[in-house]
Structure formats: structure tokens, C-alpha cells
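Everything on this sheet refers to the single structure shown next.
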């Protein structure tokens, strides 16, 4: 499937080449259906005949517990990304700002608060379905704790915070015990919130293990997909992966998620077999760090058109962390406590550096693009150190671009493309695809 | 104590607050530094200063770091702030959208301002300070002591107290690695807790006084005193604060209500302030700062009960874990910082304070790029305004306000207060 690029809307660097540069996956079509089904399911759950309780959760919430209690999770962050990709976030952000929320706050939060306060949204004009309970895990940032507090005040809804201590370079037994204890409590809290008695331990653990197995399978497939991208040319670039992230984030722990990634893996394996790349004439292999710039995928296409493909993203790779082992069945809550405490945004810079270097080497990358995302402090702060480390220790070029994931007011396409041009020149003058300059 | 004695005590505390690092290095020398609160020249002869000796100075970053443990380890705790002036090395470490306090703090450490420190203790507070810690770890001088107190964000809920106690225990175990420090014993911890209990009690007397008699003690002065007390040797600070309180309480008791006309009564809310300039600006505009919800003053004193934790555990049998457990309970039961969950206790405390202190209006001093305060602000403003207290928010960066603009806004705000009728609970009202 070929797709022609549109002209550069900024006009700063002239039109894109007329020929297609990126080749999207056929599974994209299924993905759209999945997204629709997920959100329709949430609206139905809260409709006239709806009987299923809905929880608003953060992307790092231990959602398997809720699924095992038959609670439908909805992800405001994903909703923020969806609104951002429709280039509609600014209006919602401005609503939140009018209510007193600073423009310096996370734009996912402002987008959702704006939608919540106005009762408007981007799915048939509706906001997200009203929650029965709220669960936020601090493992991705402190911001979600505050954002969820705002949400709880607005809806008068019960809120549970999963307080994951910072796992700088590991976890102490007391830290694991602290998180595990909270997960035990979450089962009781969520049951109460939906007016049901807490389940018996045996019955609940049986259901939980089933859900965790589905998470494990999806995670394994997701990792396989990342490994397939090591091929040259890479069969999937950032555009595919940013959109394909949806199921592992929002459908984690479901059979649908596993089924979908089987298809994606098969398609990528087929491409690899055929030597078909996501980008025509792949010359440079890059890593992306941070959340996508949802309102400007043209920026990635701009690179594609110049032979630069993204072969890995720390953002998408981060979802490969949920690797449950058979022995975890003995104490699944402890396993969850460990894994959910060591997600990418809850570990120290040294660990992040190790993971980044591992990815650079495994994916045979030639350079790293850091999206310095104004909204996301946990992700962005530290990038200067990482960028220096990539340059000094791996000898690879890096680029830091300033933007925001959904608030387009914080982004200037023209100057960014000028910087991308300079970066491409640096790549052309330095390492070659055949001999990446790896330390 | 004579009036000149308490003035000298006040001057010494205020002077120490102006240059904490110098004061912590050489407590006796700090007395002669510039006095910024209009309290007259400082005395350089405060004998209690000599008690501090030459203990290693441990800088710390957050008011949830228990000074009691640092003291019990034979160290001198020093509250660190942001570096003033143009930014330096931090620009190559943290983006401009990191909280301005975190940037200024890291800038100070990287600029060598803390060269005399025996170590630094960070604590879990917010995303920006966590990033500052990580940058500091990557760049700190080899072998220098840095400890991260990995505190919970939830001050209530399952396991929070036990977990906090375990983190306090890790700090107690780590501190002896500071050169010149000693192992933490139950006796040392008990003594330290008692000392801090007394110091906070003395500071609380002044806190009450600045509300009852702002003509005798300004809010800006109380903040300077609190900073001075977080800088000087704690025994000396306790004596000095007591001296100030005793000296001022005499006239306050004798003279009855202030003779001067009532001025608008303001409560300020915000984070850590490096200087009392923002409060002074409010006072110079014609208002009294009679209460605060600030990191260094109001919230730092807002321990429930007088015991403050470990000081209550005076049984000879109390061992270090029992004392740390009591200390953790005390810290978790404080009026929480906005980085802590749940936020309701802070709002309830604010609403109670504005009522009991007869506050007319609230000024939020929002640190640039501080997420926790900014998220709380709209709901807190709404609740305070519903209670009849108009609110104003000012953005501060590295302790300062944009002088001209902020002054005009404060004056306009005070003008507005003069036209607001008394609140329903009889608290606020026109001066």
C-alpha cells in the first residue's frame, strides 16, 4: 500500500517529494476497528442498557486487576493522544486554561480537563464516558496523581493512587512490599467502588492469572515486532508503531490485543522476507525518544522522504516491560508490583541509558532524535544527559527537538525541519548504514 | 531579655537566612552580614553559636527530610534553596520547563555553592526535583555523599507509615558515611527530636504573634526567621527564636491590640521561597501577611500535636526503629505539601487558617513550572473565594517576582479587598 505525501503545510522547506516515502501496514485497517470498538464499548457500558463499570486509568495502571474484576478501563492519556492526532487539542487546552489551569501543565491533562469541564469531546462530540472509579499509578509521573485528583473532584468519584516509589536503580524489599500491599488494597477498593463484595482470593487469582497471561502474550508479540524491525530495511517505522501502540496500552490483558499483534507480527515477518521496508530507500536508521508529536506526523514523513526510518522508539519499547514468568504465578501481585514499578519513566537515568544503548545497538541505529516534550517532565528531563551519552559514548549524532505531544502552540514546524536537515547532513557525513559507528 | 537582646537575636536569624551556606559554614561570622528586614545591626556575640562546633553540614532539599535524623547522626542540617542570579551550568542539564526551583537548586550545586557540604539529601517530591537529583548524581564530585529519601507520595493509605519508617531507617543507616558523622542511636534521636520539637514550638509562638500583632512581627520577618532557624545550629536557633518570642511577647501582652489601623490581612500560599521579598512586596503595598501555607514556614510548622513524633517516645526502652516509626507518623500527619496525596487536608487547613486568622484575601505564589501547586490552584481558589476570600495568583521564578508588574497587581488586589464586605463566617472584611 502506497501513500503520497502531502505538501509541507508550513511551506518553509518546500513541498515533499511527489513519490511515496512511507508504506503503512495493512493491519492499520484492523486497528481503526479496534479503537472504535474500544470506545464504543465504553459508551455502551455507560448507556441505557450498560451494566459494566468504567474506570479511568493511567497508562501505567495495573489494569489486570480491574480486568479481573470485570471493570472496563478507559485511558484519558490515549484520549488525549487521539484528540491531539485530530489536531483538536488546543481548543480543549484553552478551556482548561480559562478555568485556571496553567498553560505550563501537561497538555494531555489540559485536553482532558477541557473536555471534562465542557462536556464536549472528539468521539461523536462526546467526552469520555463518566467513570465509576479512578485509578492512577505514579509510575509514569507525579502529574497523573494531580490530574486524577482534579478528575475525582469533578466527578465526586472514588480515587485510588498506586504509589510506586522511584526505582532509580532497583527496588528494596520494603518498596516491593509497599506496592504489593497497595495492589491488595486496590482489589478491595475497586470492588467497593462498584458495589460488589471483594472476591474470594482463589477465584480472583484464577482470573488475574488468566489476564496476566494475555498481557504476557501480547508483550512477547510486541517484543517480537521490535526484533523484526532490526531488519534492513526496517519493515515498520515510527508512524506504524505510534499507532500500533494503541492495543498494548489500552487493550493490554485482552485476547483482542494478542490476536491483533499476531497479525502485525505476521505482516512484518512477511515484509522482512520480501525485503520490503517501511521507507523507500532507507539510508539512515534512527531512534525516537519520547511521546509522539501527535498533531504533526508530517515531521516523521519528512524524514522518511529523505531516507531516514525510525527503527526503534523508547516510547513504544517501554511497553515490552510486562514480561511475566511462569514462577510469578506463585505471587502474581508481587510480580505486578515489581514490573509496574520499573517501567521506563520510573527508573533512573543510568537504567534508561542502558535500555537506550541496548536499543541503539540491537536496532543498528545511526542516530537518536530526542523529542523534548514540554508537557512530559519525567520523560524529557534527563534527555540532555542521555543525548550527551549517546554522542560521547556511542559516537552517534543526536538531535533534540522542542515540541509538545498535543499542544501544537509549543511547536514550530519550520525551524524544526531546518534542524532536521542539518541532522541529516551530519548523518550523511558520518556513519553509513553498513557500518554504524557503535562503541 | 532586653529589647536590644531580642533585636540582636532577630538580626542574627535574619542575617543567617540571607546567606545560609556562609552561615552554616561559620555560624559566628554570619551575624555581621547585611540585615534585610529592617531590624537593626546584628550582634556577633551570640554565645550559643559556639555549640554548633564543626559538625559536617548536610544539605537537604525538602521539608519531608527529617532534620532529627541528620542531627542524630551528628551532622548539621541545612535547608538548600535555589541559586540566585542568571542561570549557569543547569542550562546544559535541564530544560527551561523544569520547575524553576529545581533548576535553581541544581544550578547552585553544580556551581560549587555547596562545596562545604558533607553531603546532600534529596527526597521524593516532584518530577522536576527527581530529574535534578539524577543530573546531580551524574555530575557530582566523585565520592561525595548523596542520598535519595524515597518517600511515598501518599501520606495515607496502606503501608505508607511503615514504608516511610523504612526509608527513614535507610537514611539513618546511610548518614554515617558522611565524613565526621556518627551512627544514629536511640538517645541521639530522642534528643534531636526533643530539640526540634522545642524549636518548632518557639517558631509557632512567633507564627501566632505575626497573626495577632503584625505591627510587632511582620510575615516577611517570620519567613526570614524560619530560614535562619533552618540554617543555624539548631540549639542556637532555638535560643534565638525563644529570645525573639519572649522579647516581642512582652510588648504584645502589655500593649494589648495594635494601635495602628487594621490593614488588609493576607495569607500567602506557595512552595519554597529563597527570599522573603514577595512577602515584603505585599507588606509594602499596605497589607499584613498574617499567615502562610509555605514550605519553609507554615507547613513546616504544621505538625499535629506538640510532640512531633520521636520526642514523645521517651521510654528508655524505645529503640531506633520505634523512634523512626513515631517520626514517620509525625511527618505523614503534617499538613501535606501539594506533592502529597490526598490534597484535602491542605485545603481544609487553609480554610481553617483563613478563618482563624481573619484573613481578607489569599495570594498564591506559584513557582514557574511547578505542577503540583498549579494543579491545586483552581480548586483551592474556588473554595477560598466561596469562603469570602478573594484570591490573587502571582508567578514567581527563583524566589522573585517581576517587581513592577507584581507590585501593581498586588496594589490592585488590595484595592479590591477594601471593597469586599465581611465574609459569611465573620473572618475577612474591609480594613
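Protein chains in written order, with my numbering: chain A, 1 to 439; chain B, 440 to 870. Heads up, the beta-carbon is just placed ideally off N, CA and C, and yes, glycines get one too. Keep in mind it's a predicted model, so treat the numbers as computed, not measured.
{"Asked": "Flag residue 563/B as yes if its beta-carbon sits less than 8 Å from any beta-carbon of chain A, otherwise no.", "Found": "yes"}
{"Asked": "Distance cutoff 8 Å, beta carbons only. Does residue 165/A sit that close to anything in chain B?", "Found": "yes"}
{"Asked": "Expressed to the nearest angstrom, what Euclidean distance is found between the alpha-carbon atoms of residue 152/A and residue 59/A?", "Found": "17 Å"}
{"Asked": "Between residue 681/B and chain A, is the shortest Cβ-Cβ distance under 8 Å, so that the two count as touching?", "Found": "no"}
{"Asked": "Mind listing, in chain order, the continuous alpha helix (DSSP H) runs of no fewer than 4 residues lying wholly within the stretch 68-95 of chain A?", "Found": "76-85"}
{"Asked": "Could you check what DSSP says for residue 797/B in three-state terms: helix, strand or coil?", "Found": "coil"}
{"Asked": "For residue 532/B, would you say it is in contact with chain A, using Cβ-to-Cβ distances shorter than 8 Å as the test?", "Found": "yes"}
{"Asked": "Specify whether the stretch 365-374 of chain A and the stretch 396-404 of chain A touch according to this definition: at least 3 beta carbon pairs, one from each stretch, less than 8 Å apart.", "Found": "yes"}
{"Asked": "Got a sec: is the Cβ-Cβ distance from residue 104/A to anything in chain B below 8 Å?", "Found": "yes"}
{"Asked": "From residue 617/B to residue 588/B, what does the alpha carbon distance come to, in whole angstroms?", "Found": "15 Å"}
{"Asked": "On the CB-based measure, 16 or more other CB atoms within 10 Å of its CB, does residue 466/B come out buried or exposed?", "Found": "Residue placement at residue 466/B is poorly supported in this model, since its pLDDT is 40, which falls under 50; the coordinates still yield a value, given next. Residue 466/B comes out buried."}
{"Asked": "Could you check which residue in 850/B, 773/B, 831/B has the C-alpha nearest to that of residue 600/B?", "Found": "773/B"}
{"Asked": "Less than 6 Å between C-beta atoms, sequence neighbours within five positions excluded: which residues of the same chain meet that for residue 157/A?", "Found": "131, 134"}
{"Asked": "Specify the secondary structure class of residue 558/B as computed by DSSP and reduced to three states.", "Found": "strand"}
{"Asked": "Assuming residue 844/B contacts residue 539/B under a Cβ cut-off of 8 Å, what Cβ separation, rounded to an integer in Å, is found between them?", "Found": "No, residue 844/B and residue 539/B are not in contact; Cβ-Cβ is about 17 Å, not under 8 Å."}
{"Asked": "Any beta-carbon of chain A closer than 8 Å to the one on residue 839/B?", "Found": "no"}
{"Asked": "Name the DSSP bridge partner or partners of residue 167/A?", "Found": "347/A"}
{"Asked": "What does residue 378/A touch in chain B if you count any residue whose Cβ is under 7 Å from its own?", "Found": "566"}
{"Asked": "Could you check what DSSP says for residue 500/B in three-state terms: helix, strand or coil?", "Found": "coil"}
{"Asked": "Of all the options 730/B, 523/B, 509/B, 733/B, which has the alpha carbon lying nearest to the alpha carbon of residue 607/B?", "Found": "509/B"}
{"Asked": "Looking at the ligand COA, does it come within less than 7 Å of residue 736/B, judged from the CB to the closest heavy atom?", "Found": "Inclusion of the ligand COA in the displayed structure is not the case, the ligand content being empty and no account of it being possible."}
{"Asked": "Can you give me, in chain order, the residues of the stretch 330-343 of chain A that have a beta carbon less than 9 Å from any beta carbon in chain B?", "Found": "none"}
{"Asked": "Using a beta-carbon distance cut-off of less than 7 Å, what residues from the stretch 150-174 of chain A approach chain B?", "Found": "150, 153, 161, 163, 165, 166, 168, 174"}
{"Asked": "What does residue 385/A reach in chain B if we use C-beta pairs closer than 8 Å?", "Found": "532, 573, 574, 577"}
{"Asked": "Helix, strand or coil for residue 727/B, going by three-state DSSP, please let me know.", "Found": "strand"}
{"Asked": "Between which two residues does the alpha helix (DSSP H) harbouring residue 128/A extend?", "Found": "From DSSP, residue 128/A is part of no alpha helix (DSSP H); its letter is neither H nor E."}
{"Asked": "Could you tell me which of 45/A, 409/A, 287/A, 31/A sits nearest to residue 387/A, measuring between CA atoms?", "Found": "287/A"}
{"Asked": "Check the Cβ of residue 586/B against every Cβ in chain A and list those closer than 8 Å, keeping chain order.", "Found": "Those within 8 Å of residue 586/B in chain A number zero; the least Cβ separation is about 11 Å."}
{"Asked": "Between residue 602/B and chain A, is any beta-carbon pair separated by less than 8 Å?", "Found": "yes"}
{"Asked": "Which of the three DSSP states is assigned to residue 230/A in this structure?", "Found": "coil"}
{"Asked": "Relative to the C-alpha of residue 265/A, which residue among 375/A, 228/A, 279/A is closest?", "Found": "228/A"}
{"Asked": "Confirm, please, whether the CB-CB distance from residue 544/B to residue 521/B is below 8 Å.", "Found": "yes"}
{"Asked": "Mind the definition here: the stretch 806-817 of chain B touches the stretch 844-860 of chain B only if three or more C-beta pairs lie below 8 Å; say whether that holds.", "Found": "no"}
{"Asked": "Which residues, taken in chain order from the stretch 802-820 of chain B, show a beta carbon closer than 8 Å to some beta carbon of chain A?", "Found": "805, 807, 808, 810, 811, 813, 814, 815, 816, 817, 818, 820"}
{"Asked": "Measure from the C-beta of residue 734/B to each C-beta in chain A and report whether the shortest distance is under 8 Å.", "Found": "no"}
{"Asked": "List the endpoints of the continuous beta strand (DSSP E) containing residue 289/A.", "Found": "284-289"}
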